[in-house]
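Report on one structure; see the data block that follows.
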Amino acid sequence: MPKPVKVGDEIEVEIESVGAKGDGIAKKDGFVIFVPGVQRGDTVKIRIAELKTSFAIGEKV
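In structure tokens:
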């Protein structure tokens, strides 16, 4: 199944929760995206910086 994002994509996401390491957690079509430096409930524009097998890492833009 193709991933719903690719490196370099800029999307707007809502931070649904915060992980154990303090990174925000968002989802795009069920695919997990970790975003450092955000809080639960934030809606932020991010750029996909890294893409792993089961998750991505985004940066605020």
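Going by the working numbering, 46 is the number at position 41 of the sequence shown; the sequence numbering is gapless. The C-beta atom is built at its ideal place from N, Cα and C for all residues, glycine as well.
(message) So, at 6 Å on beta carbons, what are the nonlocal neighbours of A61 in its own chain, with the 5 sequence-adjacent residues on each side left out?
(response) Taking the first residue of the sequence shown as position 1, residue 61 is located at position 56. The answer, listed in chain order, is V10, I38, I53.
(message) Let me check one thing: in DSSP terms, what residues is A31 bridge-paired to?
(response) Numbered from 1 along the sequence shown, position 26 holds the residue referred to as residue 31. Paired residue(s): I38.
(request) Check each candidate in K33, A25, P7 and name the one with the smallest Cα separation from V49. (result) Stepping through the sequence shown from its first residue, residue 49 is reached at position 44. V49 has its Cα closest to that of K33, out of K33, A25, P7.
(message) For V23, which residues in the same chain have their Cβ closer than 8 Å to its Cβ, ignoring the five residues on either side in sequence?
(response) For this step, residue 23 is matched to residue 18 along the sequence shown. Cβ within range, chain order: G29, I30, Q44, R45.
(message) Tell me the rounded alpha-carbon separation between D47 and D14.
(response) Indexing the sequence shown from 1 puts residue 47 at position 42. Indexing the sequence shown from 1 puts residue 14 at position 9. If I take the Cα positions, the gap works out to 19 Å.
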